[in-house]
Amino acid sequence: MASSPSIVWLRDDLRLADNPALSAAIERGGPTLVVYLLDEDSPGARPLGGASRWWLHGSLRSLADDLAALGGRLTLRRGAASDVIPSLVAETGAGAVYWNRRYGALRDVDAALKVSLRADGLVVESFGASLLHEPWKITSGSGDPYRVFTPFWRACLAAGDPRPPLPAPASIDGLAAAGDDLDDWHLLPTRPDWAAGLREAWTPGEAGALDRLERFIDEGLPLYHRRDEPGIEATSRLSPHLRFGELSPHQVWARVHGPLEPAAAANRAKFLSEIGWREFSYSILFHQPELATVNVRRDFDAFPWGEPDPAELEAWRRGTTGIPIVDAGMRQLWTSGWMHNRVRMIVASLLTKNLLIDWRVGEQWFWDTLVDADEASNAASWQWVAGSGADAAPYFRVFNPVLQAERFDPDRAYVRRWVPEVDGPEYPRPIVDLAASRIEALAAYEAVKAAKSAAR
1392 MASSPSIVWL RDDLRLADNP ALSAAIERGG PTLVVYLLDE DSPGARPLGG ASRWWLHGSL
1452 RSLADDLAAL GGRLTLRRGA ASDVIPSLVA ETGAGAVYWN RRYGALRDVD AALKVSLRAD
1512 GLVVESFGAS LLHEPWKITS GSGDPYRVFT PFWRACLAAG DPRPPLPAPA SIDGLAAAGD
1572 DLDDWHLLPT RPDWAAGLRE AWTPGEAGAL DRLERFIDEG LPLYHRRDEP GIEATSRLSP
1632 HLRFGELSPH QVWARVHGPL EPAAAANRAK FLSEIGWREF SYSILFHQPE LATVNVRRDF
1692 DAFPWGEPDP AELEAWRRGT TGIPIVDAGM RQLWTSGWMH NRVRMIVASL LTKNLLIDWR
1752 VGEQWFWDTL VDADEASNAA SWQWVAGSGA DAAPYFRVFN PVLQAERFDP DRAYVRRWVP
1812 EVDGPEYPRP IVDLAASRIE ALAAYEAVKA AKSAAR
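Take any residue in the sequence shown, note its place counting from 1, add 1391, and you have its number in this note's numbering.
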């Protein structure tokens, strides 16, 4: 019956505008229960890191306010989706459940729920909301997933413009159910409260996302051709908003194709190709849900990663390696929960290729400290730098952090901001010899080549 309640199950889509699941529920008519589950119990669920938990708290608080302004309510529940969603159906007498799709291991949970709820007579629909194109639709001529970015993105562009974003609802016939209090989830750090830098740098929520997009259009996009220079504000910083779905890529696509000043328009294609890398990462994840733990290139299973030296690993984490641009990046991460993309590649290269520490160690640290820790982009990017991933940087391409700094931070504006003691006597000596460790890394790579040859 159309008058029975609908449940909208939110996940990484914490917004009102361009939310197909929410739009479908409102179009169906009847009361709408909007629910968010903190699900760390379902098979394949990965608990959020500390910085992501901080962001989630702010995003849910903002969403609850936005829903209330339209007559809706946000219900919070905790537990495995296979238990909680059927319980909510029973409690509310819901006749329909809507959600927006996920693309990692948890999609198996969604598929099983869809089958069981439909068997009970419910309307159950899922929608594409977080990607421009569904991963199964962008394939090579042979029907296989792309393993190289350039032909993948060319195929995306050839697939035509994405759908236009949906408007936010004007009102919601909200339905409430018993739920948790957000503060009881203890998502915010307290002892100690290390989030001061995050609060200064970010405004979680849909309004903050839209504001960030407009500021980028006005200030960052005209400078985007200098995006590799970490000392200037030329990148979008939209990644955490996209990660939590406070903003959709359809909204970004539509806005960037809207009216732009000439300097910004000149950088449109390059910026959208970076959105394309996000799409590519999700395509990889869709076809390899264990992306955060398993090498895409299985021949890399033979790589002889060293046992991490605790002192070296801690120096890398805290930004005390004695290598200025690496230390600047790691301190930016520790303080703000974010790091410039060029610097992410540099610090990842140092860990995996100069210190010979398994990329999974670095991926886990970023998962815990990044506000934009994304299950696809984080893992795919670490594998790209390590040489084990799709379209990976060749292992012999070792980022020299000194040369990278000279090229992209020539006036040392970025380094001096985050490492003010860099020119003083207290700044430490490098923890690793860059030239010698590069030779050791290339020698280690011979084990991969030998294993690959032996397998033929």
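Here a beta-carbon is modelled for each residue, glycine too, at the ideal position from N, C-alpha and C.
Bear in mind that the values here come from a model prediction, so they are computed numbers and not experimental data.
Determine the DSSP secondary structure at residue i, reduced to helix, strand or coil.
i	result
ASP1487	It is worth fixing the name first, because residue 1487 is Ala in this sequence and not Asp. The answer is strand: DSSP assigns ALA1487 an E or B state.
ARG1464	coil
VAL1789	coil
ILE1822	coil
TYR1537	coil
TYR1363	Outside the displayed span of the chain (1392 to 1847) sits residue 1363, for which this structure offers no information.
THR1530	strand
SER1443	helix
THR1637	Here residue 1637 is Glu; the residue named in the question, Thr, does not match the sequence. DSSP places GLU1637 in coil when its eight states are reduced to three.
ARG1469	strand
PHE1543	helix
SER1397	strand
ASP1409	coil
GLU1652	coil
VAL1643	helix
VAL1806	helix
VAL1813	coil
MET1392	With a pLDDT of 47 at MET1392, under the threshold of 50, the modelled position of this residue cannot be trusted; read the value that follows with caution. Three-state result, MET1392: coil.
SER1517	strand
ASN1658	coil
GLU1624	coil
Quick one: residues in its chain with C-beta nearer than 7 Å to the C-beta of residue i, no 5 flanking neighbours on either side, listed in chain order?
i	result
SER1740	VAL1776, VAL1789 and PHE1790
LEU1578	ARG1444, TRP1445, LEU1447 and HIS1448
SER1531	TYR1537
PRO1821	THR1712, GLY1713 and ILE1714
ARG1603	ARG1628, LEU1629 and HIS1632
PRO1819	THR1711 and GLY1713
ARG1807	VAL1813
ALA1835	PHE1694, PRO1695 and LEU1747
ASP1690	VAL1839, ALA1842 and LYS1843
ARG1708	MET1721 and TRP1756
THR1684	ARG1751
ARG1733	ASP1619, PRO1621 and PHE1799
Would you kindly check if the distance between the Cβ of residue j and the Cβ of residue i is under 7 Å?
i	j	result
ASN1491	ASP1552	no
PRO1556	ASP1763	no
VAL1500	LEU1508	no
ARG1468	LEU1497	no
GLY1463	ILE1563	yes
ALA1655	LEU1612	yes
ALA1781	VAL1839	no
PRO1411	PHE1518	yes
TYR1489	VAL1399	yes
SER1768	ARG1669	yes
ALA1719	TRP1585	no
HIS1616	ASP1409	no
THR1423	ALA1415	no
PRO1457	LEU1407	Note that residue 1457 corresponds to Asp in the displayed sequence, not to Pro. Yes, these two residues count as a Cβ contact at 7 Å.
GLY1636	SER1521	yes
ALA1796	ILE1716	yes
ASN1745	VAL1823	yes
PHE1671	PHE1540	yes
ALA1568	THR1466	yes
Here's a check: name, in chain order, each residue in its chain whose Cβ is nearer than 6 Å to the Cβ of residue i, leaving out the five neighbours to either side.
i	result
ARG1618	ALA1625 and THR1626
HIS1731	PRO1621
ILE1529	ALA1546 and CYS1547
PHE1607	SER1627
ASP1759	GLY1440 and GLY1441
ALA1660	none
ALA1783	TRP1775
PHE1677	TYR1494 and PRO1526
Output needed for residue i: all residues of its chain with C-beta closer than 8 Å, excluding positions within five of it in sequence on either side, in chain order.
i	result
SER1674	PRO1526, ILE1529, PRO1536, TYR1537 and PHE1543
ALA1841	ALA1693
SER1844	none
LEU1513	VAL1480, ALA1485, GLY1486, ALA1487 and VAL1488
- contact_flag[the region 1695 to 1704, the region 1742 to 1760] where n(CB pairs < 8 Å) is 3 or more: Enough Cβ pairs lie closer than 8 Å, so yes.
- May I ask you to verify whether the region 1426 to 1443 touches the region 1598 to 1617, counting CB pairs closer than 8 Å and requiring at least 3? As far as the Cβ criterion goes, the region 1426 to 1443 does not touch the region 1598 to 1617, which means the pair count is below three.
- At least 3 beta-carbon pairs within less than 8 Å: the region 1790 to 1805 vs the region 1474 to 1485: With a cut-off of 8 Å, the region 1474 to 1485 and the region 1790 to 1805 do not count as touching, because too few Cβ pairs lie within range.
- Query: Taking contact to mean at least 3 C-beta pairs separated by less than 8 Å, is the region 1557 to 1577 in contact with the region 1451 to 1470?
  - Reply: They touch, by the three-pair rule.
- Task: Count the CB pairs spanning the region 1581 to 1599 and the region 1718 to 1731 that are closer than 8 Å, and state whether there are at least three.
- Result: Because the criterion of three Cβ pairs below 8 Å is met, the region 1581 to 1599 and the region 1718 to 1731 touch.
- Entirely enclosed beta strand (DSSP E) segments - the region 1669 to 1719, minimum 3 residues: Along the length of the region 1669 to 1719, whole beta strand (DSSP E) runs at least 3 residues long do not occur.
- Query: Which runs of the beta strand (DSSP E) fall wholly inside the region 1749 to 1799 and span at least 3 residues, in chain order?
  - Reply: You should have found no qualifying run.
- May I have a chain-ordered list of the alpha helix (DSSP H) segments no shorter than 4 residues that lie completely inside the region 1559 to 1611? Segments of the alpha helix (DSSP H) lying fully in the region 1559 to 1611: 1587 to 1592 and 1597 to 1606.
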